[in-house]
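Student:
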Ligand SMILES: [Zn+2]
Ligand SMILES: [Zn+2]
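In our numbering, the protein residues as written are 13 to 122.
#1: Rounded to whole angstroms, what's the CA-CA distance from residue 18 to residue 109? Just pull it up for me.
#2: Can at least three beta-carbon pairs, one atom from the stretch 27 to 35 and one from the stretch 45 to 59, be found at a separation below 8 Å?
#3: How is residue 57 classed by DSSP in three states: helix, strand or coil?
#4: Quick one: complete alpha helix (DSSP H) runs, 4+ long, within the stretch 46 to 97?
#5: Looking at residue 121 and residue 95, is the spacing between their C-beta atoms short of 8 Å?
#6: Helix, strand or coil for residue 110, going by three-state DSSP, please let me know.
#7: If you count every other CB in all the chains shown that lies within 10 Å of the CB of residue 42, and 16 or more means buried, which is it?
#8: Is residue 14 near ligand 1, judged by its Cβ being under 7 Å from some heavy atom?
#9: Helix, strand or coil: how does DSSP classify residue 37 here?
#10: By how many angstroms is the C-alpha of residue 23 removed from the C-alpha of residue 75?
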């Protein structure tokens, strides 16, 4: 499914977006299951949700500009975008570079 994210998009949605739905569903189920006395399942579900939210805001909204409304000149954010562009340079499954989402190499800062 992630492969669709590395190909030129023809439509607004791509198969990679299905991950968001799958994880949102899993997260809701876990939070519901653990909601009675806020056991570990609730917090696992909450963690998945928070990761999804960060991924959406940083990756989809800021890095890929899916909504064209989030601009920044912040050095850290620009480094996150740069790191992700490196991740996107590779089109195959092998030799890909992980971009780390919120962690950037020092040399990308500036
Ligand atoms: Zn991407
Ligand atoms: Zn990728």
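All residues carry an ideal CB built from backbone N, CA and C; glycine is no exception.
Tutor: In brief:
#1: 13 Å
#2: no
#3: helix
#4: 52 to 67
#5: no
#6: coil
#7: buried
#8: no
#9: helix
#10: 18 Å
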